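Below is one structure; the comments refer to it alone.
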Amino acid sequence: MKDIYVLGIETSCDETAVSVVKNGREVLSNVINSQISIHEKFGGVVPEIASRNHVEAISIVTKKALAEAKIFLDDIDAIACTYGPGLVGALLVGVSYAKALSYAIQKPLVPVNHIAGHIAANYITFPKLTPPFLCLIISGGHTHLVKVKAYTDFEILGKTKDDAIGEAFDKVARVIGLEYPGGPKIDKLAKEGKANIELPQTYLENLDFSFSGIKTAVLNLNHKNPNINKADLCASFETTACNMLIYNTKKAIKNLKIQKLALAGGVSANSFFRKEFTKLGKELGIDVYFPELSLCTDNAAMIASAGYYSYLKGIAADLNLNAVPNLKLE
Ligand code: KG4
Ligand code: ZN
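Structure (structure tokens):
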């Protein structure tokens with residue numbers, strides 16, 4: 309079979325990313341221009357600033373991705389781009405650029421859901437992984453428990469009713485004085501502490517999640533006791549949040565009688581979560597997959613991989629494609 313080269317474009321939040329992936333699994337280049345240092349001083353992503361920086365970076369990042377992959381634009385088989393969910397202005401930059409490239413080389417424009425992209429990061433790290441499997445997507449904007457029935461067929465089993473888990477990490481980090489994005493900093497500080505502070509856990513009837521209770525409890529505790537041990541607070545937050553994630557995941561695994569669990573999204577880079585979910589895999593006798601660290605957070609290789617499987621299914625958009633900020637997975 310002829311090799312298929314997909315150019316992926318990701319601009320849904322604060323990373324301008326372009327990548328070339330061969331046959332959905334082999335990364336030839338994965339260029340990421342992060343805006344973290346720009347948004348850091350505001351304590352979070354400023355949408356207008358994100359859009360403007362995407363405009364400035366997109367051509368340069370694309371040229372770099374093609375050069376690193378040692379491929380000409382004309383040899384690309386499809387252009388895949390994230391068209392939602394995300395910040396509308398940020399998404400529009402990638403969508404517009406992808407349309408222009410697709411028109412210029414007369415190759416299909418493949419629309420990709422950002423969450424499907426996060427799931428696909430696992431296909432790159434594990435070339436033999438195939439659906440069906442259960443996927444827990446934990447990122448800054450999403451907390452979804454999804455049955456991946458096929459490469460382009462998803463069933464949402466549960467999701468957060470309020471804050472995404474990454475959002476809770478970032479807010480907790482902010483109040484204890486750690487810079488945006490706080491997730492990786494909490495990960496580090498928690499290693500020096502003990503999970504000795506009791507925090508509320510929320511369990512719903514179904515497989516949905518809720519993280520606003522634990523987040524508010526941490527904010528209040530810190531406010532009332534400014535001298536509280538921050539490392540212990542981080543360790544307690546991680547442990548309690550992880551218990552909630554594991555509880556629902558375990559329930560879903562038992563209901564579905566499924567043998568494979570994958571994690572995805574920025575928070576799946578968390579070292580404590582990776583340890584706990586590895587333990588869960590051993591306890592239940594199932595295989596657990598995590599994307600390599602560089603593919604957990606936003607990147608375009610995952611978009612190119614998801615785009616490849618949509619391309620094989622003949623999924624393509626025309627030049628009327630628009631950004632859909634609240635795009636659903638199902
Ligand atoms: O997947 P992602 O890059 O963007 C979204 O699609 O939202 O996820 C970003 C989130 C941020 O909330 C960040 O704090 C969190 O992932 N994150 C982590 C870690 N690395 C990134 N959270 C906990 N531990 C980490 N090591
Ligand atoms: Zn993401």
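The working numbering numbers the first residue of the sequence shown as 309 and each following residue consecutively. Even glycine gets a Cβ: it sits at the ideal position worked out from N, Cα and C. Note that the coordinates shown come from a computational prediction; the quantities given were computed from them, not determined experimentally.
One or two residues paired with residue i in a DSSP bridge
i: Cys443; result: Val454, Ala570
i: Asp461; result: Ala458
i: Val335; result: Val329
i: Val418; result: Ala388
i: Val314; result: Val329, Ala386
i: Ile340; result: Ala325
i: Ala365; result: Bridge partners of Ala365: none, in fact.
i: Ala625; result: Leu417
i: Phe517; result: Thr468
Host beta strand (DSSP E) of residue i (start-end)
i: Leu541; result: No beta strand (DSSP E) contains Leu541, which is instead part of the alpha helix (DSSP H) from 538-564.
i: Asp471; result: That residue, Asp471, is in no beta strand (DSSP E); it is neither H nor E in DSSP.
i: Tyr597; result: 595-597
i: Thr390; result: 386-392
Residue i: CB within 7 Å of a non-hydrogen atom of ligand 1
i: Asp540; result: no
Heavy atom of ligand 2 within 7 Å of residue i beta-carbon
i: His452; result: no
i: His422; result: yes
i: His347; result: no
i: His362; result: no
i: His426; result: yes
Test: residue i CB closer than 8 Å to a CB of chain D
i: Ile344; result: Note that chain D does not occur in the displayed structure, where there is just one protein chain.
Element boundaries [alpha helix (DSSP H), containing residue i]
i: Tyr616; result: 609-620
i: Asn530; result: 520-532
i: Leu507; result: Looking at the DSSP string, Leu507 is not in any alpha helix (DSSP H), and its letter there is neither H nor E.
i: Asp606; result: Asp606 -> no alpha helix (DSSP H), and no H or E assigned at all.
i: Thr586; result: 579-592
> Residues with a Cβ closer than 5 Å to any heavy atom of ligand 1, in chain order?
Replying inline: Those residues are Ser447, Gly448, Gly449, Gly474, Phe477, Asp478, Pro489, Gly491, Pro492, Asp495, Gly573, Gly574, Val575, Ala577, Asn578, Thr605, Asp606, given in chain order.
>> Does the stretch 561-578 come into contact with the stretch 516-525, if we say contact requires no fewer than three beta-carbon pairs (one atom in each stretch) closer than 8 Å?
In response: Pairwise C-beta distances place the stretch 561-578 out of contact with the stretch 516-525, as fewer than three of them are shorter than 8 Å.
> Can you find at least 3 beta carbon pairs, one from the stretch 335-343 and one from the stretch 366-377, that sit closer than 8 Å?
Replying inline: Short answer: they touch.
> If we count Cβ pairs, one from each stretch, closer than 8 Å, do we get three or more for the stretch 450-466 versus the stretch 588-600?
Replying inline: The stretch 450-466, when compared against the stretch 588-600, does not touch it at the 8 Å Cβ threshold.
>> Quick test of the definition: if touching needs 3 or more C-beta pairs under 8 Å, does the stretch 319-331 touch the stretch 354-367?
In response: Touching, yes, given that three or more Cβ pairs across the two stretches are closer than 8 Å.
> Pairing CB atoms from the stretch 578-589 with CB atoms from the stretch 417-428, are three or more of them under 8 Å?
Replying inline: Output reads no: the stretch 417-428 does not touch the stretch 578-589.
>> Can you confirm whether the stretch 486-497 touches the stretch 428-445 when touching is taken to mean that 3 or more C-beta pairs between the two stretches lie within less than 8 Å?
In response: Touching, no.
> Do the stretch 346-362 and the stretch 391-401 meet, that is, are 3 or more Cβ pairs less than 8 Å apart?
Replying inline: They touch, by the three-pair rule.
>> Below 8 Å, how does it come out for the stretch 427-443 and the stretch 408-415: are there three or more Cβ pairs, yes or no?
In response: By the criterion of at least three beta-carbon pairs nearer than 8 Å, the stretch 427-443 is not in contact with the stretch 408-415.
> Are the stretch 495-507 and the stretch 527-542 in contact at 8 Å, needing three or more beta carbon pairs?
Replying inline: Note that the stretch 495-507 touches the stretch 527-542; at least 3 beta-carbon pairs, one per stretch, sit closer than 8 Å.
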